[in-house]
Amino acid sequence: MHPPPSPISLHWSGVTDIGKVRKNNEDTFLGVQFDAQEVRFLGKVGESSIEQADFVFAVSDGMGGALAGEFASKITVEKITRLMPRAYKQAAAGLQAGFEDVLEELFDQIHRALLYLGNSYEECSGMGATLSLCWFTPGWMYFGHIGDSRIYYLPKEGGIRQISHDDTYVGWLFRQGQLNEREAKNHPRRNVLQKALGAGHQFTEPQVGAVGYEPGDLFLLCTDGVTDGLFDERLVDLLRQPDAAQQTQHAALRVVKAALENSGRDNTTALVLEIRGAV
270 MHPPPSPISL HWSGVTDIGK VRKNNEDTFL GVQFDAQEVR FLGKVGESSI
320 EQADFVFAVS DGMGGALAGE FASKITVEKI TRLMPRAYKQ AAAGLQAGFE
370 DVLEELFDQI HRALLYLGNS YEECSGMGAT LSLCWFTPGW MYFGHIGDSR
420 IYYLPKEGGI RQISHDDTYV GWLFRQGQLN EREAKNHPRR NVLQKALGAG
470 HQFTEPQVGA VGYEPGDLFL LCTDGVTDGL FDERLVDLLR QPDAAQQTQH
520 AALRVVKAAL ENSGRDNTTA LVLEIRGAV
């Protein structure tokens, strides 16, 4: 007889920092655990089994005014906590709508709420937000994304892959091979968004997808404050091979501190998610 598979756990850490230049922090990050009955908000660092409940982690970068990030985060939390338990309940009843439908509805509702606020209050005019979201179920991570925050996948075998697409012209040039990583990072139009939630855009059209995972895999969600300061190769070193001084810090803190040391021009946020064996 084969031994039963060991239970899978998820370890997370999250940090956000205002940076060295901005006067307020329009970044936000979120971690929640949920089933059909309830949603539980997670602390900045923790670990839990993934067998009995689903998890959602997200980062968002607000724009268009001093209150944009705050509004975007509140709206994101409200929509996630209302829609995701419903999706869990449908799946438990054998009525799986499909992760694409769930995530597209979620992004659409956040988009509509931001547009409503932007059109209703002068101080919110043009308000918008990026959103990069990972939804963990047993065996699969489903993701939704819009904007230039990022989702990275670091498989246990090594390497790093950006699975989200930057919704910028510069991001498109990079994906087409017309710019290398350094050229894209230094391009003067690198932060000009073609898609975002709210911000006067008519449609959302988020990128959605799925990644199968196994123990040893890592996922990184981050805002552009991280990628402004760090190349992908440096991210791998920080997450996989920290030096002796860094090993006492949790993974998200290592990433944010290094990004601030190299840049710090923008708000800087990282969420690191590690798939482990039994707790």
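The numbers in our numbering rise by one with no breaks, and the one at position 6 of the sequence shown is 275.
We put the beta carbon where it would ideally sit given N, CA and C, even for glycine.
Problem - Boundaries of the alpha helix (DSSP H) in which I544 is found, first to last residue - result: Locating residue 544 in the sequence shown gives position 275, where the first residue counts as 1. I544 -> not in any alpha helix (DSSP H); beta strand (DSSP E) instead, spanning 537-545.
Exercise for the section: Using a threshold of 8 angstroms, state whether the C-beta atoms of D370 and E450 are closer than that. Expected result: As a working mapping, residue 370 is identified with position 101 in the sequence shown. As a working mapping, residue 450 is identified with position 181 in the sequence shown. Taking 8 angstroms as the Cβ cut-off, D370 and E450 do not qualify as a contacting pair.
Problem - Same chain only: Cβ atoms within 8 angstroms of V548, ignoring 5 sequence neighbours per side - result: Here residue 548 corresponds to residue number 279 of the sequence shown, with the count starting at 1. Unreliable placement is indicated for V548, whose pLDDT of 49 sits below 50; the coordinate value is still reported in the next sentence. Hits under 8 angstroms: P276, S278, E316, S317, S318.
Handout entry: Three-state secondary structure (DSSP) of I287
Key = Along the sequence shown, read from residue 1 onward, the residue named residue 287 stands at position 18. In this structure, I287 counts as coil in the three-state DSSP scheme.
Practice task
Could you tell me whether any Cβ in chain B is nearer than 8 angstroms to the Cβ of G395?
Solution key: Reference to chain B is not applicable here, since this structure consists of a single protein chain.
Practice task
Grab me the residues of P272's own chain with a C-beta within less than 8 angstroms of its C-beta, minus the 5 sequence neighbours each way, in chain order.
Solution key: In the sequence shown, residue 272 corresponds to position 3, counting from 1. At P272, the pLDDT of 49 sits below 50, so the modelled position is not reliable; the number obtained from the coordinates is stated separately. Taken in chain order, the list of residues that qualify is empty.
Practice task
Identify whether V548 lies in helix, strand or coil by the three-state DSSP scheme.
Solution key: Looking up residue 548 in the sequence shown gives position 279. Low confidence applies to V548: its pLDDT is 49, below 50, so where it sits in the model is not reliable enough to give any reading.
Handout entry: Candidates G416, L400, D486: closest to E426 by CA position
Key = For this step, residue 426 is matched to residue 157 along the sequence shown. Checked all of G416, L400, D486; the closest Cα to E426 is D486.
Practice task
Could you pull out every unbroken beta strand (DSSP E) segment of at least 3 residues lying fully inside the region 306-372, listed in chain order?
Solution key: 308-310, 314-318, 323-332
Practice task
Have a look at L383 and G467 and give me their C-alpha separation to the nearest angstrom.
Solution key: Counting from one through the sequence shown, the residue named residue 383 turns up at place 114. Counting from one through the sequence shown, the residue named residue 467 turns up at place 198. Whole-angstrom Cα-Cα distance: 5 angstroms.
Problem - Among F298, I420, V495, D435, nearest to A327 - alpha-carbon criterion - result: Taking the sequence shown and counting its residues from 1, one reaches residue 327 at position 58. That would be F298, whose Cα lies nearest to the Cα of A327.
Problem - The alpha helix (DSSP H) enclosing D493, as first and last residue numbers - result: For the purposes of this step, residue 493 is taken as the residue at position 224 of the sequence shown. That run of the alpha helix (DSSP H) goes 493-498.
Practice task
Could you name the residues of the same chain whose beta carbon sits closer than 6 angstroms to that of A356, not counting the 5 residues immediately before and after it, in chain order?
Solution key: Position 87 of the sequence shown, counting from 1, holds the residue named residue 356. Correct list, in chain order: V371.
Practice task
Note down, one range per segment and in chain order, each beta strand (DSSP E) of at least 3 residues found wholly within the region 435-485.
Solution key: 476-481
Handout entry: Runs of beta strand (DSSP E) lying entirely within the region 379-436, each at least 3 residues, in chain order
Key = 400-406, 409-415, 419-423
Practice task
Would you list the residues sitting across from L487 in a DSSP beta bridge?
Solution key: Stepping through the sequence shown from its first residue, residue 487 is reached at position 218. DSSP, once it has assigned bridges, lists L423, E543 as partnering L487.
Handout entry: S342 beta carbon less than 8 angstroms from that of V541
Key = Taking the first residue of the sequence shown as position 1, residue 541 is located at position 272. Taking the first residue of the sequence shown as position 1, residue 342 is located at position 73. Not in contact: V541 and S342 (Cβ atoms no closer than 8 angstroms).
Handout entry: Sequence-distant residues of the same chain with beta carbon closer than 7 angstroms to Y411, five excluded per side
Key = In the sequence shown, residue 411 corresponds to position 142, counting from 1. These residues qualify, in order along the chain: F368, L372, W404, A479.
Exercise for the section: Return the residue from the list V346, Q445, Q321, N460 that minimises the CA-CA distance to K358. Expected result: Here residue 358 refers to the residue found at position 89 of the sequence shown. When each option's Cα is compared against that of K358, the closest is Q321.
Exercise for the section: Please report the Cβ distance between N294 and N536, rounded to the nearest whole angstrom; I am assuming they are in contact, meaning their Cβ atoms lie under 8 angstroms. Expected result: Here residue 294 refers to the residue found at position 25 when the sequence shown is read from its first residue. Here residue 536 refers to the residue found at position 267 when the sequence shown is read from its first residue. Correct: roughly 5 angstroms between the Cβ atoms.
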